[in-house]
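When the letters of the first sequence are read in order and numbered with the UniProt record's numbering, they come out as residues 1 to 717. To start, the structure itself, in structure tokens.
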Amino acid sequence: MVTLIIAEKPNVARKIAYALAEGRPVRKTIGKVPYYEFTRDGKRIIVAPAVGHLFSLAPKTKTYGYPVFDIEWVPVYVAEKGKSYAKDYIKALATLAKRADEFVVACDYDTEGEVIGYTALKYACGVDPSKAKRMKFSALTKKDLLKAWYNLESTINFGMADAGIARHVLDWYWGVNLSRALTSAIKRASGKWMVLSTGRVQGPTLKFLVDREKEIQNFKPTPYWVIKMVLEKNGQQYTAVYEKERILDENEAKRIVEEAKKGPAFVEKVDVKQQNRHPPVPFDLGTLQREAYSAFGYSPKKTLELAQKLYERGLTSYPRTSSQKLPKNLNFRSILQNLAKLPEYKPFAHELLGKERLKPVEGKKDDPAHPAIYPTGELPKPGELTKDEANLYDLIVRRFLALFMEPAVREIMKVIINSNGHRFILSGARTIKEGWLKVYGKYVKFDEAILPAFKEGEPVKVLQIKREKKKTKPPARYSPAAVIKRMEDLGIGTKATRAQILETLYSRGYIEGKKKIKVTPLGMRVVEALERNVPDIVSVELTRAFEEKMEEIMAGKADKDRVIEESKEQLIKILQQFKEKELDIGKVLMETTGTGVTTSKENAKRAGTVKELSETEEKDVKKTIEKGEKTPLVVGKCPKCGGDLVVRYNRKTGKRFVGCSNWPKCNVTYPLLQRGRIIPTNKTCCDGAPVVKIREKGREYEICLDMNCKDWKKGKK
DNA sequence: GCAAGGTC
């Protein structure tokens, strides 16, 4: 009797073997693939790894046309270039399977893990997946793994496997067919062979970049005035700003300056507050990618590659994680003792080792498969790391050290100066206790604006009061790190794929610019063509729909094959229509000459149907505004233009929503629940989105108006 | 030669 345990990856196979073995497991290899042999309770056990997906979907016949739905599972190295390493792993599993009579899947307990286990059993081991058992664990500790071993599930989770398989097939159907359709369209119009692509994640990602591009192209700067007061105290000059930060009317600005100049100016109020700033949370991959971008300018892809290298050298933990929590049983002291051997970390590590209790801060996000990224305590040898690797290592180590340190204390000072009835605000801020900034201040900067002491009622020596003309600025272009964040917020892609998908958009020629991403005319046209003909593929709703289907399959409420069949029927219709218009679509895609600057109206015109809808909608909103709702309810400030966010009603549907008072100059809107009374709260959440209180019969709750808010469900309590 | 998802 020999049991073969299949792990998701080599590193996990090793951990499982060491956890389950009585004594030391024996490490052996087949080719380059390591596996482990040992006994437990008299039972002979082998643990062998997959390396992620060993099998992938591929068309049965090698034709280049579309639609194509006839696909099958093949080894990854057959379907994709550069995956030859997988060959040895499949071979090793096949060999070991011959020696085994019992099979246990021990991949990550999620849909992808279930697919990895299922396909490995079926296609590498040549066994019936329904004969295999399942080890189910959420941490790779000895305790958890032993518990999982003694409480084996009698089968793998077929609901999960089916949901995962459906996800693979649906992504393939939509992505490959529409990519072929786009490629074919441009070929027919231009005669040129040029690979175009789209998919469930690429589509919406390119779409939000295009939306931003259009906002920038259509942006009309409006002038505004800022009034400043230059004053002197103890021989030093300071600048206070008028309480209303933006004045849209020049005459009003002039008047305020003239009146304020008359004086006398005195200190009306001094407000000094202390604020605790807690250390930042442990790194999940997305947060690390953003921080490395802001600290070193590394692209998300580069950061993942560097983190992978550090992980392979054993210096830091597994990087593809969405957790912001450290393992509960991690030996913090021993890691700190090791880090103390490096002179740059010695003082911080020693300070922490002097503490009685080491309690790191943790973030909200969690990941069943892996903890947050932390230094293992293994140290790099001198000269072992490249400059980039050393930078990232330093970032990870300092973040780790910061987690255990005291909060920083900031003093925030606000001096209100009154001059002839007009108020100016002089703001100061300084760090009065460094806390964790000692170790991490290198990577995060707080403003230091130190003010002298002011007394309420004291006269102020004003040197100058002036108005400055400014212009509103268009919204900023996305950086690669900001794209990853937006994808995270939208819930598209995964921590391991987002960076790669962004690279794909670059390589297709849809976007350009290393730090400030600009959509190329081609990228604009691709979104136009898709929006007009296959709006689903540029909408995040496709992901939502897939997720719903997968939930149903997992719960046994839907049948995998039925779901696949429905998607196929839907696609057949879409692709047929696309094919009929292929030449025209190709011509649109070719219109990539000129400045690339088009108005949204022009784009809408080109895109056809979109135009009609949006114009009537626009009119409706306009009428609603013109009609003048009686003093609309203000629920907050517009995060984009500073206007008022007010409750509005769609004329046609009567439904309420929140919009910016500067419409149509500003297009910020938020959806609103249709029930209950709206009560403003003065609070904001996601990127300045207002939080409102909803009062219904018998209950009330606060809610962030950003639908993608992570606390949405929680806030609803 | 196209997707998105694992992992090296």
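We treat Cβ as the ideally placed atom computed from N, Cα and C, and that holds for glycine.
Problem set entry | Straight-line Cα distance separating Gly199 from Thr287 | 25 Å
Exercise. Per DSSP, what kind of secondary structure is Trp193 in: helix, strand or coil?
Worked result: coil
For this session: Since I believe Thr111 is in contact with Gly164 (beta carbons under 8 Å), could you give me their beta-carbon distance rounded to a whole number of angstroms?
Result: 4 Å
Exercise. Alpha carbon to alpha carbon, what distance is there between Lys214 and Thr598?
Worked result: Because Thr598 sits at a pLDDT of 37, beneath the cut-off of 50, its placement in the model cannot be relied upon, and the following sentence gives the value as read from the coordinates. If you take the alpha carbons of Thr598 and Lys214, they lie about 8 Å apart.
Exercise. With distances taken from CA atoms, which of Pro639, Gln570 and Thr222 is nearest Lys470?
Worked result: Thr222
For this session: Please report how far the alpha carbon of Lys220 lies from the alpha carbon of Pro474, in whole angstroms.
Result: In a straight line, the C-alpha of Lys220 is about 8 Å away from that of Pro474.
Exercise. Going straight from the alpha carbon of Leu575 to that of Pro521, what length do you get?
Worked result: 24 Å
Problem set entry | Spatial neighbours of Ser539 in its chain, beta-carbon cut-off 8 Å, leaving aside the 5 residues before and after | Gly203, Pro204 and Lys207
Problem set entry | Opening and closing residue of the alpha helix (DSSP H) in which Glu215 lies | Gln202 to Gln217
For this session: Using three-state DSSP, classify Thr598 as helix, strand or coil.
Result: Residue confidence for Thr598 is low, a pLDDT of 37 falling below 50, so the modelled location carries little weight and cannot support an answer.
Exercise. In angstroms, rounded to a whole number, what distance separates the CA positions of His350 and Ser323?
Worked result: 27 Å
Problem set entry | Counted within 10 angstroms of its Cβ, other Cβ atoms place Ser130 as buried (16 or more) or exposed | exposed
For this session: Closer than 8 Å by C-beta to Val409: which residues in its own chain qualify, once you throw out the five before and the five after it? Chain order, please.
Result: Gln274, Gln275, Asn276, Arg277, Thr431, Ile432, Lys433 and Gly435
Problem set entry | Val115 and Ala132 closer than 8 Å at C-beta | Taking 8 Å as the cut-off, the Cβ atoms of Val115 and Ala132 do not count as close.
Exercise. Which stretch, first to last residue, makes up the beta strand (DSSP E) that contains Leu4?
Worked result: Val2 to Ala7
Exercise. Apart from the five residues on each side of it in sequence, which residues of its chain come closer than 6 Å, Cβ to Cβ, to Ala496?
Worked result: Arg320
For this session: Measure the CB-CB distance between Ala50 and Ile5 and report whether it falls below 8 Å.
Result: With respect to Ile5, Ala50 sits apart: the two C-beta atoms are not nearer than 8 Å.
Problem set entry | Residues bridged to Ser427 [DSSP beta-bridge criterion] | Bridge partners of Ser427: Lys414.
Problem set entry | Residue nearest to Trp149 in terms of C-alpha spacing, selected from Ile45, Pro75 and Tyr118 | Among Ile45, Pro75 and Tyr118, the Cα nearest to that of Trp149 is on Ile45.
Exercise. Ends of the beta strand (DSSP E) at Glu232?
Worked result: Pro223 to Lys233
Exercise. What residue ranges within the segment 100-143 form continuous beta strand (DSSP E) runs of no fewer than 3 residues, ordered along the chain?
Worked result: 102-106
Exercise. DSSP beta-bridge partners for Val361?
Worked result: Looking at the DSSP assignment, Val361 forms no beta bridge with any residue, so it has no partner.
Problem set entry | Selection from Tyr89, Glu406, Gly126 and Phe348 that minimises the alpha carbon distance to Lys98 | Looking at the Cα atoms, Gly126 is the closest of the given residues.
For this session: Tell me whether Gln577 is buried or exposed, calling it buried when 16 or more other Cβ atoms sit within 10 Å of its Cβ.
Result: exposed
Exercise. What is the DSSP secondary structure of Asn276, counted as helix, strand or coil?
Worked result: strand
Problem set entry | Beta-ladder partner(s) of Tyr478, from DSSP | Answer is none; Tyr478 lacks a bridge partner.
Problem set entry | The beta strand (DSSP E) enclosing Pro300, as first and last residue numbers | No beta strand (DSSP E) contains Pro300, which is instead part of the alpha helix (DSSP H) from Pro300 to Glu312.
For this session: Take every Cβ of the segment 520-534, pair it with every Cβ of the segment 576-591, and state whether three or more of those distances are shorter than 8 Å.
Result: The segment 520-534 vs the segment 576-591: in contact.
Problem set entry | Rounded separation between Leu326 and Ala139 - CA only | 11 Å
Exercise. Taking the continuous beta strand (DSSP E) assigned at Ser567, which residues delimit it?
Worked result: First-last for Ser567: Lys560 to Glu580, but that is the alpha helix (DSSP H), not the beta strand (DSSP E).
Exercise. Are the Cβ atoms of residue 765 and Tyr89 separated by less than 8 Å?
Worked result: With the chain covering 1 to 717 only, the question about residue 765 has no answer from this structure.
For this session: Would you give the residue range spanned by the alpha helix (DSSP H) that Pro521 belongs to?
Result: Boundaries of the alpha helix (DSSP H) harbouring Pro521: Pro521 to Asn533, taken from the DSSP string.
Exercise. What's the gap between the Cα of Ile16 and the Cα of Val26?
Worked result: 13 Å
Exercise. Can you tell me the Cα-Cα spacing of Ala295 and Val281, whole angstroms?
Worked result: Spanning the two alpha carbons is a distance of roughly 16 Å.
Exercise. Can you name the start and end residues of the beta strand (DSSP E) that Ile465 belongs to?
Worked result: Lys461 to Lys471
For this session: Locate the alpha helix (DSSP H) running through Phe400, then write down its first and last residues.
Result: Lys387 to Ala402
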